[in-house]
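Every position in the sequence shown, counted from 1, becomes a number in my numbering once 1 is added.
The beta carbon of each residue, even a glycine, is placed where N, CA and C say it ideally should be.
The model shown is predicted, which means the values in this text are computed figures rather than measured ones.
Structure, as structure tokens:
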Amino acid sequence: MSETEKLLESCDDCGACVRTCAFLKHYCDSPKELAKRYMRNSLENMEIPFSCFLCGLCKRVCHLNLSPGDMFLEIRRRSFRNKEGHLLPENFVYDYVNPRLQGLRNSQAFSTSGFLTFGKKPSDNGSSVRRVFFPGCSLPSYSPRLVKKTYEYLVQQMPGTGIVLNCCGKPSHDAGDEVRFNRIFNNTVQQLKDLGVQEVVLACINCHKVFREHSDIKLTTVYEIFAKEGLPSTHPAGNGLVSIHDSCPARYQTEIRQAVREVVSRMGYDIQEMRFRNEMTQCCGAGGCGTLGNPSLASRHTQARAAQSKGKLISYCAHCRERFSSFTPSLHLLDLVFGALRGSHLKEQHDSWRNWFDRWYLKKQLQFVSK
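Structure (structure tokens):
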């Protein structure tokens, strides 16, 4: 039974999900209303399903364990098929059904091209585990320096660690393009297999979610390693008040959330928890490609979420950090660990071309070091 059918059959209109979700509150009094609409016509007003953040908070608060977010992902996926269930031409949805997705399609093509991808094979060096650092896409776009600093730390703690620059395909997954996602993710997994990788160290929580749900590769995060092995000896001393934003994919990842807080506390910061945190965390406003449906709604949600913070707002997802930086001083956890260089993040310029250049420049630097 599809999630849409489950909602139609079981939703009792209690309103818990609507009260906690800015997206649902904007479009309906009950997700059951939307389920009825999209059972009749799966292509009706595609702005609505693409405005959902797919963050999972609706399911967390539902006493019946229903998931409106999964329903909207189903609707997105159906948009890539015709009424008989056959796949539409590869670019039909991007060009005609929802042209706002064109930027996502182009970004995915560039992110997985030879222009930006790179792999350094892990070496043995007496280690029983062959591991690589997989920083994802957003962190290299934000700060190649932080990627290099993190990699240097990992090599020091776990000699022989390799590094892979590639994409997990989550944007295509969240857009509902299963074919493109499977192609991207399978190619990335094959790259890891070709390098003989047994364990992947991640900095991106979105990548962590994709790998843990679609592969059996052993995973850990750099934040858990900081908590276990200790911080770099050169880390700057911290002081003052910070708030920690929990990324949606870490909603049920207790170990990761605890490791993040332990690292921040060890550095000397005082943590002022946000109203919505841990399993009840709210999205940053960019999750699930939600900005491709209703950008103004997503921005209002981001601003409201940022207003819950006290002091600097700390994220351990580079994409979340970028969203918040338009509204409040926003840093990545790795900025605290290795020292931030960018000054005022309220004045940050969101320049996509600069982001692409930074990723290319990081690849070139890693290639030079590997020679």
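- Annotation: L89 to D125 spans about 46 Å, alpha carbon to alpha carbon.
- Runs of the beta strand (DSSP E) spanning 3 or more residues and lying entirely within the stretch 75-156 occur at 119-121, 132-135, in chain order.
- Ranked by Cα distance from M47, the options A36, Q192, S80 are led by S80.
- Here the alpha carbons of L220 and V180 stand approximately 25 Å from one another.
- The DSSP-derived three-state label of E256 is helix.
- The beta carbons of N183 and P250 sit no closer together than 7 Å.
- When only Cα atoms are considered, K364 and S3 end up about 42 Å apart.
- C321 places its beta carbon less than 7 Å from that of S248.
- Residue environment: T222 is assigned as buried (16 or more neighbouring CB atoms within 10 Å of its CB, all protein chains considered).
- The distance from the Cβ of L105 to that of L74 is about 15 Å, inconsistent with a contact at the 8 Å cut-off.
- Per DSSP, T329 is not a residue of any beta strand (DSSP E), being assigned neither H nor E.
- If you ignore the 5 residues before and after Q109, its C-beta comes within less than 8 Å of the C-beta of C168, G170, P172, S173, R181, I185, all in its own chain and listed in chain order.
- Exclusion of the five residues before and after Y28 leaves I49 as the residues of its chain whose Cβ lies within less than 6 Å of its Cβ.
- Between the stretch 197-213 and the stretch 299-306, the count of C-beta pairs closer than 8 Å stays below three; the two stretches do not touch.
- Contact between the stretch 329-343 and the stretch 312-319 is present: three or more C-beta pairs spanning the two stretches fall below 8 Å.
- Straight across, the Cα-Cα distance linking R77 with F325 is about 26 Å.
- Nearest C-alpha to D195 among R61, R252, P123, S144: P123.
- Contact check for Y152 against F135 fails: the beta carbons are separated by 7 Å or more.
- Cβ neighbours of K37 within its own chain (closer than 8 Å, five residues either side excluded): L9.
- Cβ-Cβ distances below 7 Å link V62 to A17, C18, T21 in the same chain, with the five nearest sequence neighbours on each side left out; the list follows chain order.
- Runs of the alpha helix (DSSP H) lying entirely within the stretch 14-74 and spanning at least 4 residues, in chain order: 17-21, 23-28, 32-41, 58-62.
- In this structure, the straight-line span from the alpha carbon of Q103 to that of R306 is close to 28 Å.
- Pairing Q259 with G86, the inter-Cα distance amounts to about 44 Å.
- Taken through DSSP and simplified to helix, strand or coil, V202 comes out as strand.
- Distances from the alpha-carbon of S43 to those of K26, T5, L65 put T5 closest.
- Counting along the chain, K171 sits inside the alpha helix (DSSP H) bounded by residues 171-176.
- Residue state for G291 is assigned as helix, using DSSP reduced to three classes.
- In this structure, the CA atom of N92 is about 10 Å from the CA atom of D178.
- Comparing C-alpha distances from H215 to each of D71, T189, L337 shows the shortest one belongs to T189.
- For G294, the CB contacts under 6 Å within the same chain, skipping 5 residues up- and downstream, are E48, F51, S52 in chain order.
- The three-state reading of DSSP puts H236 in coil, since its state is none of H, G, I, E or B.
- In the displayed model, T221 falls within a strand according to three-state DSSP.
- For S300, the enclosing alpha helix (DSSP H) has its first and last residue at 296-307.
- In the structure shown, S244 falls within a strand segment according to DSSP collapsed to helix, strand and coil.
- Nearest to G57 by alpha-carbon distance, out of R41, F24, S310, is F24.
- G163 is positioned such that its CB atom lies closer than 7 Å to that of K121.
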